[in-house]
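Enquirer:
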Amino acid sequence: MADPVLRVSGLKVNFYTYDGVVKALDGVSLDVAPHETLGLVGETGCGKSVTVNSLVKLIPIPPGRIESGRALLHWPVPCPHCRGKGCGTCGGSGKLDTCEACNGRGTCSACRGHGRFRDGKSCARCAGVGKCYACDATGKRHVDLLALSPRELREVRGSAMSMIFQEAMSALNPVLKIGEQVGESFYYHQREALCRATIARLEKEIERARGAATGAVRIVSLRLYLTLYRWMLNKTESRLLQFLRKVPVVRRYHRWIEKEMEQRSLEALRKVRIPAPEEVLKAYPHELSGGMTQRVVIAIALAGNPKVLVADEPTTALDVTIQSQILRLMQDLKAELGAAIIFITHDLAVIAQIADRVAVMYAGTIAETAPVREIFKRPLHPYTRGLIGAIPRPHQDLVRLSEIPGNVPNLVNPPGGCRFHPRCKFAKAEVCASEKPLLFDVGNGHLVACHMYDQNAPLWTDEDRQPRVEVVAR
Amino acid sequence: MMGEEPMFRVEDLKVHFPILGGILKRPIAWVHAVDGVSFTIRPGETLGIVGESGCGKTTVGRALLQLVKSTGGSIWFAPPADGTPSAPVNLSKIPRRKLRRLRRSIQIIFQDPTSSLDPRQLVKAIVAEPMRIHGLTGLRCTKCGSVVPIHLERPGIACPRCGATTEAVPFKGAQLEARVIELLDRVGLNPEHLFRYPHEFSGGQKQRIAITRALSLRPAFLVLDEPTSSLDVSVQAQILNLLKDLQREYRLTYLFISHNLAVVRYMANRIAVMYLGKFIEVAGKGELFDDPLHPYTRGLLETIPVPDPERRRELALMKGEVPSPVSPPFGCRFHPRCPVAMPHCGWEGRDLQKVLEDAIHEASPDSPLSGAVAEMQADGRTLRIRIGPDPERSRAALDAFLAEGRAVGTPIYQAIEETSQQGDEFVISFRETREPELKEVKPGHAVACYLYE
Amino acid sequence: MNLHVYVIRRILLLVPVILGVTLLIFGVLQLLSPLQRAAAFVQNPQDLRPENIERTIEKYHLNDPPWVQYQTWMSGILSGNLGVDRFEHSIAAALISRAPTTIELAVYSSIVIVLGGIWQGTVAARRKDRLPDHATRVLAISGWSLPTFWLGLLLLTFFYGGLGILGPGTVSIEVGEYTRSSAFTRYTGLYTIDGILNGDLFVTWDALEHLVLPVFTLSFVSWAIITRIMRSSMIEALGRDYVKFARAKGVPERVVVRRHARRNALIPVATVSGFVVAGLLNGVVITETVFARPGIGDYAAVAALNLDIAATLGFTLVNAFLLVITNLVVDVLYAYIDPRIRLG
Amino acid sequence: MKQNPLSVVGLAIILMFIGIAIAAPVLAPLPAVCGPDVGIVCDPNDPYIIPGYGYQRDPLPPSPEHPFGTTPGEPARLDIYYGIIWGTRNAFRVGIVVVGSALLIGIALGLLAGFRGGFLDEVIMRIVDIMLAFPALILAIAFVAAFGASLQNLMIAVAAVWWPSYVRLVRGDVLAAREQGYVEAARAIGASDFRIMGRHILPNVIYPIIILSSMDIGAVVLVIAALSFLGLGVAPNYADWGGLVNLTRNYIVGQVGGDSLAYWYTYVYPGLFIFLFVLGWNLLGDAFRDILDPKVRR
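Structural data, given as structure tokens:
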């Protein structure tokens, strides 16, 4: 697999509630390749949402706390020297994309990649591996999402990584017009571009005003605006400007950039195939249908053209006919803008249709990850097998669905070892109850966290390991 | 089974809800939740109702128990007095106390187990309450005193233990608790759950409790209203299997309501597809899935995602969204979204209004169409257009637009009956149509669509 | 339903309420025998002689059948005449002449209450379960539990009695003299405003000095309510999906709070502010009594003390109307903030 | 509770007051002998009448026999300590009676309005609106002014202005509960309206309201105190906190300059007890609100 755009490793999250410590995530590791759609499946409370939300610190903290883990996101920054125009420093690309820690070498800067120093002491920086700790040996510029400052985090949110939620209707602010809500995302991520565009428009405006006889006053005001926007271009977060926006007459200057925002919002809405976008911009959320709101939310999420788009159960609340429309839309958009998508759902049917790779989660751990065809053909983890066996098929008459006995465990005191073992028919008390299984690579991109596939623990017969999906078809 | 007397015969069932509004909060409009539905349910079968949210499927289920008062039509129910169905009664007419007694044999499982269980009642109380209300009696052996298990109970059956005669005893104290435990055990819960509150259980377990409560009355008929849509896949499998087993053991009759075609296919023998308060297709499940007739049914089957990456395909699209049930479309209610709609499917003013609005939106500002329409006002089959400032030009533009449409052969334009001009008002009226009614086109396969008339 | 239908509906609903209000008050009156009511009009006990009583009863038609009395009474009210008090002065006139003082007090207090409450509530919500939250909580609850009159007395005795500053009354004696002189025109009757209008800022300053303690006393009690509502609704709003989504969009926290959360959080606050006003009217009576401010509250207290029923009820009626109107305004405001009500 | 330490403080305060109320006869016994000859005025059969000590204008400062000093001598120098102790009993009595009766009316009407709905609902809620159109204290003042000041009238007046808010509260909860799934479920198993109301709705709405309302005891005491402060309360020598403050009020406000501070005890002690009493209830109530209010619940 190509260098991942996002590599989550050992993510551990707890919630300190009054009923005890909920061990929501217990060392979750994920890779997301560029342009791929990763399907994240699991039942309620398995931690799918917590995983992605904690990446951009959207879990409530407190009670939540991210105990450990890293999330390396490949994130080139605009070249500071040329402001993205392209220059020597960035080799004309306008972006800086080499790891600062290792200057693109990919080796640990402390031990030069030897893993240990001359005196034989192993390198603490890279835990003796020799890989660059900052970019995970890719040499590209990566940031650890979990270590970002609030300010950086804000920049990442919505631009590098943006989200779609299940309840589109409640994701939109009921008292703000759609236009205001779409415009925002441009305002906070592309202010520079907006300013440039506005300035250009203003200059044109001034030219035109020159022509007109009565333009004198107008020119003055336009000039004022022009200076203001030049200012904004340099220091985006200017308190003065924020103040000016409250001053009655001067406030007008802001309309120009708002016009610019409106333009882009319209494009954004068109992109998600919303009919009559002009009306929609003026509407309030409750005036739109479920399908429409979900489209709006998608438009907002794509506004900052993200590298990773997280879709958290985007179609669960919708009817089949609308669901298919949205899924189709997402397929098309993905082709257009080539972002990687993390698609969270509990519906394996949807996964089968939209995902390239699938990661199955159970009780805060990754049970199995594999390419989508692979996982449906050769589900290895007992849980995955049960899950696939339990789906009713629309194009097949089943005599009986296979069941997974028991219930999802309470994560305040989860079962030790493999969290699935109390419900697992293959469980061998000795290992499963005591040791937490790691992800074993069983080849062709198929990883499974189950002792059954640990070559060093031959307690299971090959017959056990045979991927059987108990679907009794007639 | 076929010949048998139906347990339910529902004729032209209507349920309309008022929308209150205006200054005095009087009904200003009606939601046609269920708008003339007829069907029968035979003993022992499972009728599935499938449809999108807001199509009225839930309301049908509630109307069978008269939890919502039906606005029109009749619900004939043949209460099986000790196994053999007796004379049918019309549930929508009988007095409330009688109805309350009849509810013994008609029960319902709701979608959301969390809200359907009283948070302040213990499981024991929840399960026992129905038996208390109806003062149920159980059969006890005259010799060994053991209570006959629920699924064996027949009047005058011999004691399964010692073969002695049995007598009817009202459930109280120990007897009652014994029966509750027996029931809980049957659905896979155990006695230690007796004295817990609902919130201590998982969704699946709560649904099991709800099922127990319904079973405790030994009903003949169960309405299953999306019983698993709030549950996870693995739990759903457990519940669905449980329901199937129970049906076999207690010879239950089900009405299974769901939006999930796959689940309905798994549970039902016959399936009714519902759209905007109407049944549009009713067929045995094999029939329905192998040879769907109604365009909507076809559309559904093509749009549902299949849990199999091998059969991965570009998802088909059904255009538009479900219209509001307050003023459902004329003629066939599906016609605005129908891919194979025909001129006589019931086109009306607002359809054209929408088309025109979109067209005007797309049209470039300098095209004649853009200024042609000052105002549109659709009522029923006619669309009144106040044409723009420049009458000739506007009129010409509109005519051209309509003509173009006809030429292409789009049904809506062909449905236009006549166009007339009164002053600056341009009136377009569509041809009269009736609604297609549900007709058997094949044995056991009825569909409401003009394609098959 | 759109805004004006909504408003009309609200107004129509007022009619029965207002009618009921008058009926209730009138009913209270009727519970007393004509004799008792007549007694209320006799200045001093020595005059409680039968013929006096008779005369009074005649004079005020206390023997007419109730509906007739109600009719005359109502027509009086509708023409702005609330009858006369014990000393045969027009109640309406008395209330009007005293209104400015009360308005000054009430308006400034409500400003403090609402703004302070919203701000404090927001802070508490954002720092939930941390020091500011707990501090707010303690402050609010103690404010809630303080007897208004006691707080007033303590402040008064400490500042005025002890330090000799911030005395009772509306303005200090000499300023009072000046304002009554021809050099000073009473445009509005509100000292703070008139001072500015006359260009005599020292009057405004003096009036403000006398307002500090009463306003503090009055607001400290009601402020707690707004704070509490604001806190809980703000906490709710901050937990909503749209706030989460706004954050996910990369909107700065400051903006998330101001623009997304607060505006929604204000909706319930608008609804309770009506009740807060009621609280104010209660407090006004006490505060004015304690700080010897000659407002309508003080008037009512005195009237009640010497059992002047007519005056007390007149005052009550006015208050009821005030409150009803406020609630109407609040409802409309509410519909204005929340588009779902406006258009939904 | 554990979530909110303040509530523990509240509980402590309330318990303390309950203790005082119970032990009143021990803490503040009537003087052994009293009558004109010993210069002590008291009523041996009504302990709520505060014994008075002479008619001098100035109050007596705190001393062994008058721990909190006495009020100024109009109508007589009353022992503040005694008044406060017996005032505690009075406070409990007043608060519980008023809130209790208001609550009964509130629950009854609220249930009726909420569950039956329709015309009955309309009527009840209109009446409630009318009652709520009056600022509570002011309406109470009107009542008292009309029917004369006495403890009974005081309590009636406050109760009369207190119940409407409960009706609104109960009705709201009933309406919410009525929409709950379990009510429909109850209907489905054939339960009668009466049973649904009694077995399903009532238990689900009543506990929060009772708890919350019990916290109003503080608020009621506050209103009563305010009334008696205005002189609309009980006889001046009756053991009532608000009354005690009232006795000293004109006296202080009149004073200019330092010496009004000299008699601080005459108003600080009674006021302090009112404050503590109400504070106790509110602290408790706050904790309960947090537990009951889903918005704030964690």
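Residue numbers (this note's numbering), protein chains in the order written: chain F, 1 to 474; chain B, 1001 to 1453; chain U, 2001 to 2344; chain L, 3001 to 3298. Where a beta carbon is used, it is the ideal one built from N, C-alpha and C, also for glycine. This one's a predicted model, so the numbers in the text were calculated from it and none came from an experiment.
1) Can the beta-carbon of B:F1221 be found less than 8 Å from the beta-carbon of B:T1253?
2) Once the 5 residues before and after U:A2292 are set aside, which same chain residues still bring their CB inside 6 Å of it?
3) Quick one: Cα of B:M1002 to Cα of B:S1038, how far?
4) Taking the DSSP output, what are the residues bridged to B:G1021?
5) Does any C-beta atom of chain F lie closer than 8 Å to the C-beta of B:I1304?
6) Should U:A2246 go down as buried or exposed, given a rule of 16 or more other Cβ atoms within 10 Å for buried?
7) Check whether the Cβ of B:V1263 lies closer than 8 Å to any Cβ atom in chain F.
8) Give me the residue from U:V2017, U:I2267 and U:S2075 with the minimum Cα distance to F:V175.
9) In its own chain, which residues sit with a C-beta less than 7 Å from the C-beta of L:G3258, not counting the 5 before and 5 after it?
10) Grouping DSSP H, G and I as helix and E and B as strand, with all else coil, what is F:N173?
11) Is the CB of F:I164 under 8 Å away from at least one CB in chain B?
12) Let me know the secondary structure DSSP gives F:P277 once reduced to three states.
13) With three or more beta-carbon pairs closer than 8 Å as the criterion, would you say the stretch 2251-2259 of chain U touches the stretch 176-192 of chain F?
14) Taking the continuous beta strand (DSSP E) assigned at B:V1273, which residues delimit it?
15) Short of 7 Å in beta carbon distance, which residues of its chain neighbour B:L1176, apart from the five on each side in sequence? Order them along the chain.
16) Who are B:R1386's beta bridge partners in DSSP?
17) When the Cα atoms are used, what is the spatial distance from F:P415 to F:F426?
18) In chain order, what residues of the same chain lie with their CB nearer than 7 Å to the CB of U:Y2108, ignoring the 5 residues before and after it?
19) Using 8 Å as the threshold, is the C-beta distance between F:R70 and F:S9 below it?
20) For F:T44, which of helix, strand or coil comes out of DSSP?
21) Between the alpha carbons of L:K3295 and L:V3183, how many angstroms are there, rounded?
22) Smallest Cα separation from U:E2104: which of U:L2115, U:A2207, U:L2078 and U:L2024?
23) In the DSSP assignment, what residue or residues form a beta bridge with B:I1133?
24) According to DSSP, is U:T2289 helix, strand or coil?
25) When the Cα atoms are used, what is the spatial distance from B:E1435 to B:A1078?
26) Looking at C-alpha atoms only, which residue of F:L401, F:G291, F:Y453 and F:R393 is the closest neighbour of F:E484?
27) Taking the CB atoms as reference points, tell me whether L:W3241 and L:F3288 lie closer together than 8 Å.
28) Less than 8 Å between the beta carbons of L:Y3048 and L:R3077, yes or no?
29) Return no unless some Cβ of chain L is closer than 8 Å to the Cβ of U:T2217.
30) Along the stretch 173-187 of chain F, what residues have a CB closer than 7 Å to any CB found in chain U?
31) Use the C-beta contact count for B:A1396: other C-beta atoms within 10 angstroms, 16 or more gives buried, fewer gives exposed.
32) How would you label B:H1294, buried or exposed, when you count the other beta carbons within 10 angstroms and need 16 or more for buried?
33) Can you tell me whether DSSP reads F:K140 as helix, strand or coil?
34) Which residue marks the beginning of the beta strand (DSSP E) containing F:I366, and which one marks its end?
35) Mind checking if L:I3085 is an interface residue toward chain B, Cβ cutoff 8 Å exclusive?
36) Taking all protein chains shown into account, do 16 or more other C-beta atoms lie within 10 angstroms of the C-beta of L:P3036, making it buried, or fewer, making it exposed?
Expert: Well, looking at it:
1) yes
2) P2168 and G2169
3) Caution applies to B:M1002, whose pLDDT of 43 falls short of 50 and renders its modelled position unreliable; the model cannot decide the point.
4) B:R1026
5) yes
6) buried
7) yes
8) U:I2267
9) With a pLDDT of 48 at L:G3258, under the threshold of 50, the predicted position of this residue should be treated as unreliable, though the coordinate-derived value follows. So no residue of the chain qualifies.
10) coil
11) no
12) helix
13) yes
14) R1270 to Y1275
15) A1128 and M1131
16) B:E1375 and B:E1425
17) 16 Å
18) L2211 and V2215
19) yes
20) coil
21) Residue confidence is low: L:K3295 scores 40 on pLDDT, short of 50, so the model does not pin down where it sits. No coordinate-derived value is stated.
22) U:A2207
23) Note: B:I1133 sits in no beta bridge, so no partner.
24) helix
25) 31 Å
26) Any answer about residue 484 of chain F is impossible in this case: the structure gives chain F only from 1 up to 474.
27) no
28) no
29) no
30) N173, P174, V175, E184 and S185
31) exposed
32) buried
33) strand
34) T365 to P371
35) no
36) exposed
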